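Scroll down for the structure; my scribbles are underneath it.
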Amino acid sequence: MTAPALSRRSLLLQGGALVVGFSLSDRGASAQTFAPVATNGFAKPVAPDRVDSFLALGADGHATIFSGKVDLGTGVETALTQIAAEELDLPLDRVTVVQGDTALTPDQGPTYGSLSIQKGGVEIRQAAATARARLVQMASERLGVPADELVSENGTVRPKAGGQGLSYADLVKEGRLDLKVDPAVKTKDPAQFALVGKPVARVDIPEKMTGRFTYMQDYRVPGMVHARVVRPPTIGADLQGVDEASVADIPGLIKVVRQGNFLAIVTEKEWAAVKAAKQLRATWSEWEGLPEQGKLWQHVRATKVTKDDVTSSTGDAEAALGQAARKLEATYDFAIHTHGSIGPSCAIAELKDGFLTCWTASQMTHALRKQLAAMTGLAPEAVRCIYVEGSGCYGRNGHEDAAGDAALLARAVGRPVRVQWSRADEHGWDPKGPPTLIDLKAGLDPQGNVTAWSSQFHIPEGAAGNVPLVAASLADLPHETTMAPGNIIGNSALPYAFPNVRTVCHRLASTPFRPSWIRTPGRMQNTYANEAFLDECAAAAGADPLEYRLRALKDPRGIEVLKRVAELAMWQARPSPVKDAAGDVLRGRGISYVKYELNRTYVAGVAEVEVNRSTGQVRVPRFFVVQDCGQIINPDGVRNQLDGNVIQTVSRVLLEEVTFDRGAVTSLDWSSYPILTFPDVPEVVIDLIDRPTEKPWGAGEPSAAIVPAAVSNAVFDATGVRVRSVPFTPAKVKAALQGA
Amino acid sequence: MVQLMSLDVNGRAAPVSVDDPDTPLLYVLRDDLGLHGPRFGCGLGQCGACTVHVDGQAVRSCITPVSSLKAGAKIVTLEGLGSLDKPHPVQAAFIAEQAAQCGYCINGMIMQSAALLNETPKPNETAIRQALAQNLCRCGTHQRIVRAVQRAAGTL
Ligand code: FES
Ligand code: FES
Chain A
8 MTAPALSRRS
18 LLLQGGALVV
28 GFSLSDRGAS
38 AQTFAPVATN
48 GFAKPVAPDR
58 VDSFLALGAD
68 GHATIFSGKV
78 DLGTGVETAL
88 TQIAAEELDL
98 PLDRVTVVQG
108 DTALTPDQGP
118 TYGSLSIQKG
128 GVEIRQAAAT
138 ARARLVQMAS
148 ERLGVPADEL
158 VSENGTVRPK
168 AGGQGLSYAD
178 LVKEGRLDLK
188 VDPAVKTKDP
198 AQFALVGKPV
208 ARVDIPEKMT
218 GRFTYMQDYR
228 VPGMVHARVV
238 RPPTIGADLQ
248 GVDEASVADI
258 PGLIKVVRQG
268 NFLAIVTEKE
278 WAAVKAAKQL
288 RATWSEWEGL
298 PEQGKLWQHV
308 RATKVTKDDV
318 TSSTGDAEAA
328 LGQAARKLEA
338 TYDFAIHTHG
348 SIGPSCAIAE
358 LKDGFLTCWT
368 ASQMTHALRK
378 QLAAMTGLAP
388 EAVRCIYVEG
398 SGCYGRNGHE
408 DAAGDAALLA
418 RAVGRPVRVQ
428 WSRADEHGWD
438 PKGPPTLIDL
448 KAGLDPQGNV
458 TAWSSQFHIP
468 EGAAGNVPLV
478 AASLADLPHE
488 TTMAPGNIIG
498 NSALPYAFPN
508 VRTVCHRLAS
518 TPFRPSWIRT
528 PGRMQNTYAN
538 EAFLDECAAA
548 AGADPLEYRL
558 RALKDPRGIE
568 VLKRVAELAM
578 WQARPSPVKD
588 AAGDVLRGRG
598 ISYVKYELNR
608 TYVAGVAEVE
618 VNRSTGQVRV
628 PRFFVVQDCG
638 QIINPDGVRN
648 QLDGNVIQTV
658 SRVLLEEVTF
668 DRGAVTSLDW
678 SSYPILTFPD
688 VPEVVIDLID
698 RPTEKPWGAG
708 EPSAAIVPAA
718 VSNAVFDATG
728 VRVRSVPFTP
738 AKVKAALQGA
Chain B
107 MVQLMSLDVN
117 GRAAPVSVDD
127 PDTPLLYVLR
137 DDLGLHGPRF
147 GCGLGQCGAC
157 TVHVDGQAVR
167 SCITPVSSLK
177 AGAKIVTLEG
187 LGSLDKPHPV
197 QAAFIAEQAA
207 QCGYCINGMI
217 MQSAALLNET
227 PKPNETAIRQ
237 ALAQNLCRCG
247 THQRIVRAVQ
257 RAAGTL
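Quick mapping for you: the protein sequence lines, in order, are chains A and B. Under my numbering, the letters of the first sequence match residues 8 to 747, in that order. Under my numbering, the letters of the second sequence match residues 107 to 262, in that order.
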């Protein structure tokens, strides 16, 4: 096995010091990708408790940060640069981040759950602070000046009193930063921050705006050939025969690869693969294992429950319901969604000398490495996954599956293979956000206060983990057999203090499609049901929805986001719905709140809607959002994320639903799975609460959680009709209006 | 049968050999000429990620067979529009507004907007939204994209 190393930035062992020299000509893959070269026997450490796993100081005064968390288009590369530069007292342009390379970066867990800063950034901060402390210590010894009389700035440690200092490059020659990360290390006082908390421009944007960035889809390796997969026409069909003669005329055809139910075409040129994949004749068995879409919710309700997760239990909800002055009951549902990345998944794999290298846009290269090893029978040490940024993915989309396809094909043809999924592959075969069904009951006292709350969530079993690879399943190679929908029980319990509460997640043995996490998995669906049903209670109590929430909220940071969003949206205190609504277009506003996973980021939002009474069409012209994610690393990055989370979720809530027949997904393109377009995109109005002395928390997906209920609540406010089924399509809204 | 063609791409003659006249322009630009601006998104003319200019018009290169191009057609891609050192005003505006998340859709957004501003130098917000109605962005960068176009038009 070749020791992994850097070529552009050659990683050398000089006098015992880890020294990284690099030249940065352009970003994307080229800033990231390194051909294996000899490294004087030195292997880059990756253990998550070592400083030099996370960073290397170069002879040229640059620092390279090795991050297991990757930038999925969220700007986290820039934010991590800020954190590291701040803690190391280096200017921003002397810090570079290498992401998600299993040979070079520590395993900091998958990039999901809005944890890249909260977890990944904090670990890098600790490593950088430990490094800085050691550099000061080294300087103290060499200069004969006590450490507390030294100061580090601009890559140099010098006496506070003035006089000659020593550069980091000088110091690190004295020995590698071969030390343990000190979790108790004193990090920089936020009052001294020069970079963290500032709206620093994204490091990747200029290249992306000028066509100079190398995405995964652009990446090429020497000798590479192209492949397209040919998926079964139905999810469970068996491959019975392939007529290879049907593609005999394809120029540059290399091989029709068939292994079990896995089928693909490999060609010299990409277009030939596209054409051949369409042209190839294959026969498949019939399969009709999916439920009828029209009876999806009956199907979910009838699915076997394997266990109950009781996520909160206070008092006696059943008894209190029995005694309540007033009882409410409702069922909410949330459709199956697809990630819908604009660029379909793509990966390259090469198998050489028993060593598999995979270039991938995976959000979890370390986990993928293990999956590819299991699938191919190679030892994990013989597999290297290298992250190359792809199209935004918003969760576990098809990136890992494309990597599995490429690995299988690289082995079959003995050359590096690039697999590019088609739009239909992505829409049809990326794993889906599972359907969610939620039953709620509440009891109110004579003043309208909630005295009892009982909810039941019907959601698939499983947690975060590895989603089985399509190629491994189709080819019947070793793969996981458990579902991994993500942590979807989060936020099923409430952030409010009610006296009698019981929230239960019924975990189902199956769900129609291979599930995975899509932005704000479960937490979105659960918050939607909770915050919309709470609005029903407020309406039943004749209370203003904001005041009603504040009654039951004890958390000062939660109270603050709600009050600030009310101010931002110029909230008029009154019960919903609007009185005397008239005209064809009805207007309303709705509020919603979350404390994400009940232990971090606070978000409150107000949606404004317009409902067309005759068509049932809902528009969201404006959305106000206030977020407290603790310490903000980059406010412009946070705003960008809030825009994205709100807009994408408005799209999901108004329009999106995976359609299917008894065999497969039928929404295979953008006309059958439409998403929100420019004319209908809301204006997003943002107010951020920065708390520099607090921990930094996730700043992306928490804000998506509040969107569906805010819209549902606003539709109710406008029309007096409650929509409880996502998406809020014109047909559903119209039917509800007519039924009212 | 392999056919030799000479395309005019970003102001330079680009000889390419095409073995299938149906090959969409997108594949020639990306695979034969190694360009990264035009992107594959759907291959169906639905998303706009592949947009290039052909004689100044915004065109979906994924559904434009290379054989359908008129002789001498001038093709401009995101790379040809401007560079890091000399960005086109629309590119400069997108950078100034930090108008990208993953950026995968942005090629189409910039090429479409640049074509719009050629015809309508001062579009209002509604006109910008209409002009971009067939360009999809999944990250939800729309608001910044509209602002960037307004900035490029000098109407911000
Ligand atoms: S890739 Fe051409 S329009 Fe989508
Ligand atoms: S910025 Fe990611 S798709 Fe538009």
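Even for Gly, the Cβ is constructed at its ideal location relative to N, Cα and C. Quick caveat, the model's predicted, so the values are computed rather than measured.
| Item | Value |
| --- | --- |
| Of all the options A:D643, A:A725, A:Q427, which has the alpha carbon lying nearest to the alpha carbon of A280 (chain A)? | A:Q427 |
| List the residues of chain A whose Cβ lies closer than 8 angstroms to the Cβ of D114 (chain B), in chain order. | Here the premise fails: no neighbours, minimum Cβ distance about 17 angstroms. |
| Of all the CB atoms in chain A, is at least one closer than 9 angstroms to the CB of Q109 (chain B)? | no |
| Beta strand (DSSP E) containing E690 (chain A): first to last residue? | 690-696 |
| Does the Cβ of G48 (chain A) have 16 or more other Cβ atoms within 10 Å, making it buried, or fewer, making it exposed? | Legend: pLDDT at G48 (chain A) = 38, less than 50; position of this residue unreliable, value from coordinates given subsequently. Flag for G48 (chain A) reads exposed. |
| Within the same chain, show all residues whose beta-carbon is closer than 6 angstroms to that of R253 (chain B), passing over the 5 residues directly before and after it, in chain order. | E203 |
| For ligand 1, any of its heavy atoms closer than 8 angstroms to the Cβ of C245 (chain B)? | no |
| If you draw a straight line from the C-alpha of V104 (chain A) to the C-alpha of D446 (chain A), how long is it? | 46 angstroms |
| Short of 9 angstroms Cβ to Cβ, which residues in the segment 216-241 of chain A face chain B? | M216, T217, G218, R219, F220, T221, Y222, Q224, D225, R227, H233 |
| Taking Cβ to Cβ, would you say P113 (chain A) is nearer than 9 angstroms to A54 (chain A)? | yes |
| Please indicate yes or no: does the CB of G347 (chain A) lie closer than 8 angstroms to some heavy atom of ligand 1? | no |
| Tell me the DSSP secondary structure of T40 (chain A) in three-state form. | Note on T40 (chain A): pLDDT 39, under 50, position unreliable in the model; no value is reported. |
| Start and end of the alpha helix (DSSP H) containing F723 (chain A)? | 714-726 |
| By the criterion of Cβ-Cβ separation under 9 angstroms, what are the contact partners of N652 (chain A) in chain B? | G246 |
| Starting from the N-terminal side, write out each stretch of the beta strand (DSSP E) that is 3 residues or longer and does not extend beyond the segment 272-328 of chain A. | 288-291, 312-321 |
| Could you work out which residues of chain B lie near Q427 (chain A), taking near to mean beta carbons separated by less than 8 angstroms? | F146 |
| Can you find the residues in the same chain that come closer than 8 angstroms, C-beta to C-beta, to G147 (chain B), ignoring five residues on each side of it along the sequence? | C153, G154, A155, C156, C168, Y210, C211, G214, L242 |
| Tell me whether K448 (chain A) sits in a helix, a strand or coil according to DSSP, three-state version. | strand |
| Can you check DSSP and say which residues form a bridge with P703 (chain A)? | A:G637 |
| Considering only residues of the same chain and omitting the five flanking positions on each side of A742 (chain A), which have a CB-CB separation below 7 angstroms? | none |
| Please indicate yes or no: does the CB of A368 (chain A) lie closer than 8 angstroms to some heavy atom of ligand 2? | no |
| For chain B, check one thing: does any of its Cβ atoms lie closer than 9 angstroms to the Cβ of L31 (chain A)? | For L31 (chain A), the pLDDT reaches just 34, beneath the cut-off of 50, and the residue's location in the model is therefore unreliable, leaving the point undetermined. |
| Please identify the residue among A:Q634, A:E615, A:D635 whose C-alpha is closest to the C-alpha of V627 (chain A). | A:E615 |
| Within 10 Å of its beta-carbon, does Q109 (chain B) have 16 or more other beta-carbons around it, so buried, or fewer, so exposed? | exposed |
| State yes or no: is the C-beta of I212 (chain B) nearer than 8 angstroms to some heavy atom of ligand 2? | yes |
| Would the beta-carbon of Q207 (chain B) be found less than 8 angstroms away from any heavy atom of ligand 2? | yes |
| Beta carbons nearer than 7 angstroms to chain A: which residues of the segment 182-209 of chain B have them? | T183, L184, E185, G188, S189, L190, P193, Q197, F200, I201, Q204, A206, Q207, C208, G209 |
| I'd like the span of the beta strand (DSSP E) that includes C353 (chain A), first residue to last. | 353-359 |
| Report yes if the CB atom of G597 (chain A) is closer than 9 angstroms to the CB atom of A716 (chain A), and no otherwise. | yes |
| Within 9 angstroms of any Cβ in chain B, is that where the Cβ of T40 (chain A) sits? | Confidence is the limiting factor: at T40 (chain A) the pLDDT is only 39, short of 50, which leaves the residue's position unreliable, though a coordinate-based value still follows. It does not: the Cβ of T40 (chain A) has no partner Cβ on chain B nearer than 9 angstroms. |
| Flag T777 (chain A) as yes if its beta-carbon sits less than 9 angstroms from any beta-carbon of chain B, otherwise no. | Residue 777 (chain A) is absent from the structure shown; chain A starts at 8 and stops at 747. |
| Among the residues of its own chain, which have a CB less than 8 angstroms from the CB of D125 (chain B), if the five just before and after it don't count? | M107, V108, Q109 |
| List the residues that DSSP assigns as beta-bridge partners of T443 (chain A). | A:F341 |
| So that I know if they touch, is there some Cβ in chain B lying closer than 9 angstroms to that of D587 (chain A)? | no |
| Would you identify the three-state DSSP class for H465 (chain A), choosing helix, strand or coil? | strand |
| Can you check DSSP and say which residues form a bridge with E160 (chain A)? | A:T163 |
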